[in-house]
(Lines of atoms letter the chains of each structure in order from A; the text may use other names.)
(Lines give C-alpha, C1' and ligand atoms only; values in the text may rest on other atoms or scores of the structure.)
Protein backbone atom coordinates (compact mmCIF):
# COMPACT_ATOMS: atom_id res chain seq x y z
CA UNK A 5 0.00 0.00 0.00
CA UNK A 6 1.20 3.51 -0.83
CA UNK A 7 2.60 5.44 2.15
CA UNK A 8 0.15 8.35 2.37
CA UNK A 9 -0.34 10.18 5.66
CA UNK A 10 -3.50 12.12 6.54
CA UNK A 11 -5.24 14.19 3.88
CA UNK A 12 -3.25 14.40 0.65
CA UNK A 13 -3.10 17.90 -0.82
CA UNK A 14 -2.15 18.75 -4.39
CA UNK A 15 -2.87 21.68 -6.71
CA UNK A 16 -5.75 21.15 -9.17
CA UNK A 17 -3.33 21.23 -12.09
CA UNK A 18 -1.38 18.24 -10.74
CA UNK A 19 -4.32 15.87 -11.33
CA UNK A 20 -2.36 13.78 -13.85
CA UNK A 21 0.87 13.69 -11.84
CA UNK A 22 2.08 10.69 -9.89
CA UNK A 23 1.84 11.59 -6.19
CA UNK A 24 4.69 10.34 -4.02
CA UNK A 25 4.87 11.23 -0.33
CA UNK A 26 8.34 12.37 0.74
CA UNK A 27 7.36 14.46 3.78
CA UNK A 28 4.27 14.84 5.91
CA UNK A 29 3.21 17.98 7.72
CA UNK A 30 4.73 21.45 7.54
CA UNK A 31 8.05 22.70 8.91
CA UNK A 32 6.52 26.13 9.61
CA UNK A 33 3.01 25.24 10.81
CA UNK A 34 2.41 28.70 12.26
CA UNK A 35 0.25 30.46 9.63
CA UNK A 36 -2.79 31.70 11.52
CA UNK A 37 -5.32 30.78 8.84
CA UNK A 38 -4.04 27.26 8.10
CA UNK A 39 -5.62 24.06 9.44
CA UNK A 40 -4.56 21.74 6.61
CA UNK A 41 -2.26 19.57 8.70
CA UNK A 42 -4.02 19.67 12.05
CA UNK A 43 -5.10 16.04 11.62
CA UNK A 44 -1.50 14.85 11.93
CA UNK A 45 -0.09 13.74 15.33
CA UNK A 46 3.21 15.46 14.52
CA UNK A 47 4.37 18.74 13.01
CA UNK A 48 6.69 17.44 10.31
CA UNK A 49 8.15 14.13 9.24
CA UNK A 50 10.56 13.04 6.51
CA UNK A 51 9.69 9.79 4.71
CA UNK A 52 12.34 7.05 4.78
CA UNK A 53 13.90 6.43 1.37
CA UNK A 54 12.77 2.82 1.69
CA UNK A 55 9.12 3.91 1.83
CA UNK A 56 9.61 6.19 -1.17
CA UNK A 57 11.20 3.38 -3.18
CA UNK A 58 8.44 0.95 -2.20
CA UNK A 59 5.83 3.43 -3.42
CA UNK A 60 7.68 3.89 -6.71
CA UNK A 61 7.81 0.12 -7.13
CA UNK A 62 4.07 -0.16 -6.51
CA UNK A 63 3.33 2.72 -8.86
CA UNK A 64 5.55 1.18 -11.53
CA UNK A 65 3.48 -2.00 -11.43
CA UNK A 66 0.26 -0.12 -12.16
CA UNK A 67 1.06 3.23 -13.72
CA UNK A 68 3.92 2.96 -16.18
CA UNK A 69 1.33 3.99 -18.74
CA UNK A 70 -1.36 6.37 -17.51
CA UNK A 71 -4.39 7.11 -19.67
CA UNK A 72 -2.64 5.73 -22.71
CA UNK A 73 0.55 7.76 -22.33
CA UNK A 74 3.83 7.51 -20.48
CA UNK A 75 4.01 9.31 -17.14
CA UNK A 76 5.94 12.53 -17.45
CA UNK A 77 5.62 14.19 -14.04
CA UNK A 78 5.83 13.38 -10.33
CA UNK A 79 4.45 15.66 -7.63
CA UNK A 80 6.08 15.14 -4.25
CA UNK A 81 3.51 15.15 -1.46
CA UNK A 82 3.90 17.19 1.71
CA UNK A 83 3.40 20.81 2.74
CA UNK A 84 6.92 21.85 1.71
CA UNK A 85 9.18 19.02 0.51
CA UNK A 86 11.55 21.57 -1.05
CA UNK A 87 12.83 22.23 2.48
CA UNK A 88 14.75 18.94 2.26
CA UNK A 89 18.50 19.15 1.86
CA UNK A 90 19.95 18.97 -1.63
CA UNK A 91 21.37 15.49 -1.03
CA UNK A 92 17.94 14.10 -0.07
CA UNK A 93 16.22 15.77 -3.04
CA UNK A 94 18.89 14.28 -5.31
CA UNK A 95 18.39 10.81 -3.84
CA UNK A 96 14.64 11.12 -4.43
CA UNK A 97 15.10 12.21 -8.04
CA UNK A 98 17.56 9.35 -8.64
CA UNK A 99 14.96 6.86 -7.39
CA UNK A 100 12.21 8.41 -9.50
CA UNK A 101 14.26 8.30 -12.68
CA UNK A 102 15.38 4.73 -12.04
CA UNK A 103 11.77 3.49 -11.85
CA UNK A 104 10.24 5.93 -14.33
CA UNK A 105 12.73 6.96 -17.05
CA UNK A 106 9.87 8.76 -18.78
CA UNK A 107 9.53 11.29 -15.95
CA UNK A 108 10.61 14.71 -17.23
CA UNK A 109 9.79 16.93 -14.27
CA UNK A 110 9.39 16.77 -10.51
CA UNK A 111 7.23 19.28 -8.65
CA UNK A 112 6.23 19.96 -5.07
CA UNK A 113 4.95 22.62 -2.71
CA UNK A 114 7.65 25.01 -1.50
CA UNK A 115 7.85 27.84 0.99
CA UNK A 116 9.77 30.98 0.09
CA UNK A 117 12.09 30.19 3.00
CA UNK A 118 12.86 26.73 1.55
CA UNK A 119 14.43 28.32 -1.51
CA UNK A 120 16.65 30.49 0.69
CA UNK A 121 18.18 27.34 2.22
CA UNK A 122 19.65 26.30 -1.14
CA UNK A 123 22.82 27.70 -2.72
CA UNK A 124 22.68 28.99 -6.28
CA UNK A 125 24.70 25.98 -7.38
CA UNK A 126 22.30 23.59 -5.67
CA UNK A 127 19.29 25.23 -7.33
CA UNK A 128 20.92 24.88 -10.73
CA UNK A 129 21.68 21.22 -10.07
CA UNK A 130 18.11 20.60 -8.89
CA UNK A 131 16.90 22.01 -12.18
CA UNK A 132 19.14 19.53 -14.00
CA UNK A 133 17.69 16.74 -11.85
CA UNK A 134 14.18 17.60 -13.05
CA UNK A 135 12.82 19.83 -10.29
CA UNK A 136 10.51 22.27 -12.01
CA UNK A 137 7.16 24.06 -11.69
CA UNK A 138 7.28 24.40 -7.91
CA UNK A 139 4.05 25.58 -6.28
CA UNK A 140 4.70 28.38 -3.80
CA UNK A 141 1.96 29.51 -1.43
CA UNK A 142 3.07 33.12 -1.32
CA UNK A 143 -0.55 34.11 -0.39
CA UNK A 144 -0.01 37.87 -0.81
CA UNK A 145 2.49 40.67 -1.36
CA UNK A 146 0.94 42.70 1.46
CA UNK A 147 3.65 42.93 4.13
CA UNK A 148 1.18 43.80 6.90
CA UNK A 149 -0.86 40.69 6.14
CA UNK A 150 2.23 38.48 5.84
CA UNK A 151 3.42 39.66 9.27
CA UNK A 152 0.02 39.32 10.96
CA UNK A 153 -0.52 35.82 9.57
CA UNK A 154 2.96 34.65 10.65
CA UNK A 155 4.02 33.61 7.16
CA UNK A 156 7.68 33.90 8.10
CA UNK A 157 8.87 36.08 5.22
CA UNK A 158 8.20 39.47 3.64
CA UNK A 159 7.29 40.59 0.12
CA UNK A 160 10.89 41.37 -0.79
CA UNK A 161 11.83 37.78 0.07
CA UNK A 162 9.32 36.57 -2.54
CA UNK A 163 11.00 38.68 -5.20
CA UNK A 164 14.56 37.79 -4.22
CA UNK A 165 14.04 34.04 -3.92
CA UNK A 166 11.99 33.63 -7.09
CA UNK A 167 14.66 35.57 -8.99
CA UNK A 168 17.10 32.90 -7.82
CA UNK A 169 14.75 30.23 -9.22
CA UNK A 170 14.64 32.18 -12.50
CA UNK A 171 18.42 32.15 -12.68
CA UNK A 172 18.52 28.42 -11.97
CA UNK A 173 15.91 27.72 -14.65
CA UNK A 174 13.30 26.39 -12.20
CA UNK A 175 9.80 27.54 -13.08
CA UNK A 176 7.17 28.16 -10.40
CA UNK A 177 3.50 28.80 -9.74
CA UNK A 178 1.99 31.03 -7.05
CA UNK A 179 -0.99 30.49 -4.78
CA UNK A 180 -2.75 33.74 -3.90
CA UNK A 181 -5.15 33.85 -0.94
CA UNK A 182 -8.00 36.33 -1.46
CA UNK A 183 -9.14 37.78 1.85
CA UNK A 184 -5.87 37.51 3.73
CA UNK A 185 -5.51 41.29 4.16
CA UNK A 186 -8.75 41.55 6.14
CA UNK A 187 -11.88 43.70 5.96
CA UNK A 188 -11.35 47.07 4.31
CA UNK A 189 -7.89 46.12 3.02
CA UNK A 190 -8.71 43.75 0.16
CA UNK A 191 -7.93 46.18 -2.65
CA UNK A 192 -4.82 47.40 -0.85
CA UNK A 193 -3.59 43.83 -0.54
CA UNK A 194 -4.37 43.18 -4.20
CA UNK A 195 -2.42 46.23 -5.38
CA UNK A 196 0.57 45.37 -3.17
CA UNK A 197 0.46 41.79 -4.43
CA UNK A 198 0.34 42.88 -8.06
CA UNK A 199 3.41 45.06 -7.48
CA UNK A 200 5.31 42.05 -6.15
CA UNK A 201 4.05 39.58 -8.75
CA UNK A 202 4.90 41.99 -11.56
CA UNK A 203 8.54 41.74 -10.48
CA UNK A 204 8.50 37.94 -10.78
CA UNK A 205 7.81 35.33 -13.47
CA UNK A 206 5.25 32.75 -12.29
CA UNK A 207 3.78 30.47 -14.95
CA UNK A 208 0.47 30.43 -13.10
CA UNK A 209 -1.26 32.30 -10.29
CA UNK A 210 -3.84 30.09 -8.64
CA UNK A 211 -6.23 31.97 -6.40
CA UNK A 212 -7.94 30.49 -3.36
CA UNK A 213 -10.50 32.12 -1.06
CA UNK A 214 -9.72 32.48 2.62
CA UNK A 215 -11.97 30.11 4.55
CA UNK A 216 -11.75 30.36 8.33
CA UNK A 217 -12.31 27.27 10.44
CA UNK A 218 -12.96 27.36 14.23
CA UNK A 219 -9.77 25.42 15.02
CA UNK A 220 -7.56 28.06 13.39
CA UNK A 221 -5.52 30.68 15.23
CA UNK A 222 -7.14 33.27 12.97
CA UNK A 223 -10.57 32.37 14.31
CA UNK A 224 -9.28 33.13 17.81
CA UNK A 225 -7.98 36.51 16.59
CA UNK A 226 -11.45 37.30 15.24
CA UNK A 227 -13.09 36.28 18.52
CA UNK A 228 -10.67 38.55 20.36
CA UNK A 229 -11.56 41.47 18.09
CA UNK A 230 -8.09 41.70 16.57
CA UNK A 231 -9.07 41.02 12.95
CA UNK A 232 -12.17 41.14 10.76
CA UNK A 233 -12.92 39.02 7.72
CA UNK A 234 -13.68 40.51 4.32
CA UNK A 235 -17.16 40.01 2.92
CA UNK A 236 -17.44 37.56 0.02
CA UNK A 237 -18.02 40.39 -2.42
CA UNK A 238 -14.97 42.23 -1.11
CA UNK A 239 -12.91 39.13 -1.86
CA UNK A 240 -14.27 39.11 -5.41
CA UNK A 241 -13.53 42.83 -5.77
CA UNK A 242 -10.04 42.14 -4.47
CA UNK A 243 -9.48 39.62 -7.27
CA UNK A 244 -10.83 42.14 -9.78
CA UNK A 245 -8.25 44.66 -8.54
CA UNK A 246 -5.44 42.10 -8.65
CA UNK A 247 -6.18 41.13 -12.25
CA UNK A 248 -6.49 44.79 -13.26
CA UNK A 249 -3.01 45.53 -11.94
CA UNK A 250 -1.14 42.44 -13.15
CA UNK A 251 1.07 43.38 -16.09
CA UNK A 252 3.01 40.12 -16.49
CA UNK A 253 1.94 37.37 -18.88
CA UNK A 254 0.54 34.64 -16.64
CA UNK A 255 -2.17 32.02 -16.47
CA UNK A 256 -4.75 32.90 -13.80
CA UNK A 257 -6.96 30.21 -12.26
CA UNK A 258 -9.61 29.91 -9.55
CA UNK A 259 -10.16 26.16 -9.41
CA UNK A 260 -9.87 24.86 -5.83
CA UNK A 261 -12.74 23.94 -3.51
CA UNK A 262 -12.48 27.25 -1.64
CA UNK A 263 -13.71 29.05 -4.77
CA UNK A 264 -17.49 29.16 -5.10
CA UNK A 265 -17.02 30.37 -8.68
CA UNK A 266 -14.48 28.72 -10.96
CA UNK A 267 -12.80 30.65 -13.75
CA UNK A 268 -9.48 30.65 -15.53
CA UNK A 269 -7.64 32.14 -18.46
CA UNK A 270 -4.38 33.56 -19.66
CA UNK A 271 -3.51 37.19 -18.98
CA UNK A 272 -3.50 39.59 -20.66
CA UNK A 273 -5.46 37.79 -23.40
CA UNK A 274 -8.50 36.97 -21.25
CA UNK A 275 -8.23 39.86 -18.80
CA UNK A 276 -11.37 41.67 -19.95
CA UNK A 277 -13.40 38.49 -20.05
CA UNK A 278 -12.44 37.51 -16.50
CA UNK A 279 -13.01 41.05 -15.22
CA UNK A 280 -16.49 41.06 -16.72
CA UNK A 281 -17.29 37.74 -15.04
CA UNK A 282 -16.17 39.13 -11.70
CA UNK A 283 -18.21 42.30 -12.22
CA UNK A 284 -21.30 40.19 -12.86
CA UNK A 285 -20.70 38.33 -9.61
CA UNK A 286 -20.01 41.50 -7.59
CA UNK A 287 -23.69 42.35 -7.11
CA UNK A 288 -25.19 42.92 -3.62
CA UNK A 289 -27.71 40.10 -4.03
CA UNK A 290 -24.90 37.55 -4.43
CA UNK A 291 -23.29 38.12 -1.01
CA UNK A 292 -25.70 35.80 0.77
CA UNK A 293 -25.26 32.99 -1.76
CA UNK A 294 -21.49 33.24 -1.65
CA UNK A 295 -21.48 33.42 2.13
CA UNK A 296 -23.65 30.34 2.34
CA UNK A 297 -21.08 28.47 0.28
CA UNK A 298 -18.24 29.68 2.52
CA UNK A 299 -19.92 28.79 5.83
CA UNK A 300 -21.03 25.38 4.58
CA UNK A 301 -17.61 24.40 3.27
CA UNK A 302 -16.68 21.69 5.77
CA UNK A 303 -13.23 20.99 4.38
CA UNK A 304 -10.88 22.36 1.76
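Numbering (our numbering), first residue to last: 5 to 304.
Note that the Cβ used here is the ideal one computed from N, Cα and C, for glycine as well.
Residue 31 is not a Cβ neighbour of residue 46, given a cutoff of 8 Å. Within the region 88-175, the complete alpha helix (DSSP H) segments of 4 residues or longer fall at 90-103, 116-120, 124-132, 147-152 and 159-172, listed in chain order.
Cα atoms of residue 141 and residue 122: separation of roughly 18 Å, rounded to the nearest angstrom. For residue 269, the enclosing beta strand (DSSP E) starts and ends at 267-271. The C-beta of residue 160 has fewer than 16 other C-beta atoms within 10 Å across all chains shown, which makes the residue exposed.
Residue 212 carries a strand assignment under DSSP once its states are collapsed to helix, strand and coil. Here the region 272-282 makes no contact with the region 227-235; the two share fewer than three CB pairs at distances below 8 Å.
DSSP, read as helix, strand or coil, puts residue 258 in strand. A direct Cα-Cα distance of roughly 22 Å separates residue 212 from residue 165. Taking the CA atoms as reference points, residue 158 sits about 17 Å from residue 169. Between the region 201-220 and the region 36-44 there are three or more C-beta pairs closer than 8 Å, enough to call the two in contact. For residue 232, there is no enclosing alpha helix (DSSP H), as DSSP gives it neither H nor E.
Nearest neighbour of residue 304 by Cα position, chosen from 253, 215, 282 and 245, turns out to be 215.
Taking all protein chains in view, the Cβ of residue 12 is surrounded by fewer than 16 other Cβ atoms within 10 Å, so the residue is classified as exposed. Per the DSSP secondary-structure output, residue 180 pairs in a beta bridge with 143 and 211. Of all alpha-carbon atoms in 108, 86, 290 and 20, the one lying nearest the alpha-carbon of residue 116 is that of 86. For the pair residue 26 and residue 51, the CB atoms are nearer than the 8 Å cut-off.
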